[in-house]
Amino acid sequence: MSGGPRILVVEDDLETRRALARELRARGYAVEEAEDGATAQRRWLARRPDVVLLDLGLPDLDGLTLVTRFRRDAATPIVILSGRYEEREKVEALERGADDYVTKPFGVAELHARLRVALRRAGGPVADSGGRLVVGPLVFDVGRHEVTVDGRPVDLTPREFEILRVLLANAGRLVTKGRILRAVWGEAYQGEDSYVYVHVSQLRRKLAAADPEGRLRDLIVTEPGVGYRVRESLGGDPGREP
Ligand code: CA
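Residue numbers for the sequence shown follow our numbering, beginning at 932 and rising by one.
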């Protein structure tokens, strides 16, 4: 039972860790467990996993430190296990390069959906053979630098275009405002979250105007206080697959 993705589960609570390991093994994952930060680092170095599930509150060191360390080594997807009152730590973990989070207590289906998306995205954005990203009636054509809805061009500013590019390239995944700022404006603009807010609002208005039927209404989902997530397909939950 180890042909599946290798996952490193870092969680100090024995009961939670065992339950997670059992659940993940049943789904075909090859699971390695770590009960503290030191063990997590040893396992990480010994055998690089395909994905990491990381609790932020560890007995020996800060989970954030592990995010930084792992991210320095590799682009391996990291999904945070966050407590309900760890809002700030969660955002900080995402800023440091974690891919996504689930808030405890979480449903098994939600966890699997997040892990699937994180693993798939590790392979890079999915474009069709013509280099276009397609979501319902919307086509993002990288080569032609054009966005169309039902074949009609949508007039976007360069910033709006770049924001949509970042979001679509990470479809299904959470993208923090800080990450959008870095990608579209640059390092010097850190903290200027209102720029992102204003431009995303404008982008939504333009897409809505191009789509009177409202099919794209829920394309860009706001994750309050954190950032945005673009749906991979329309008419379902973000990150959800059949
Ligand atoms: Ca803990």
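Note that beta-carbon positions come from the ideal geometry of N, C-alpha and C, so glycine has one too.
Under the 8 Å Cβ criterion, the segment 933-947 counts as touching the segment 982-993, having at least three qualifying pairs.
Of the heavy atoms belonging to ligand 1, at least one sits nearer than 7 Å to the Cβ of G988. Residue nearest to L1150 within the set L1050, D1030, T1034, V1066 is V1066 (criterion: CA-CA distance).
According to DSSP, residue pairing for T1079 in a beta bridge involves V1070, P1084.
DSSP places T1107 within a strand segment (E or B) once states are collapsed to three. The segment 994-1006 makes contact with the segment 971-978, as at least three CB pairs between them are under 8 Å. A distance criterion of 7 Å places the beta-carbon of D943 in contact range of ligand 1, judged by its closest non-hydrogen atom. Remark: C-beta atoms of L1105 and L1012 do not approach each other more closely than 8 Å. In this structure, the straight-line span from the alpha carbon of T999 to that of A1029 is close to 9 Å.
If you compare the alpha carbons of K1021, G1109, T1034, L1042 with that of I938, the shortest gap goes to L1042. If you draw a straight line from the Cα of D1142 to the Cα of A950, it comes to about 45 Å. R948 and T1088 have their C-alpha atoms roughly 47 Å apart. For G935 and V1033, the gap between their C-alpha atoms comes out near 21 Å. The distance from the Cβ of I1094 to that of G1158 is about 11 Å, inconsistent with a contact at the 8 Å cut-off. Less than 8 Å separates the beta-carbon of V983 from that of I1009. In the DSSP assignment, I938 is bridged to V962, V982. For D1004, the enclosing alpha helix (DSSP H) starts and ends at 994-1004. Straight across, the Cα-Cα distance linking K1137 with A971 is about 46 Å. DSSP places V1161 within a strand segment (E or B) once states are collapsed to three.
When the beta-carbon positions are compared, E1163 and H1130 stay at least 8 Å from each other. In this structure, DSSP gives E1093 a helical state, which the three-state scheme calls helix. In this structure, the beta-carbon distance from W1116 to Y1128 does not fall below 8 Å. With fewer than 16 other Cβ atoms inside 10 Å of its own Cβ, R1019 counts as exposed. Listed as beta-bridge partners of T1034 by DSSP are S1013.
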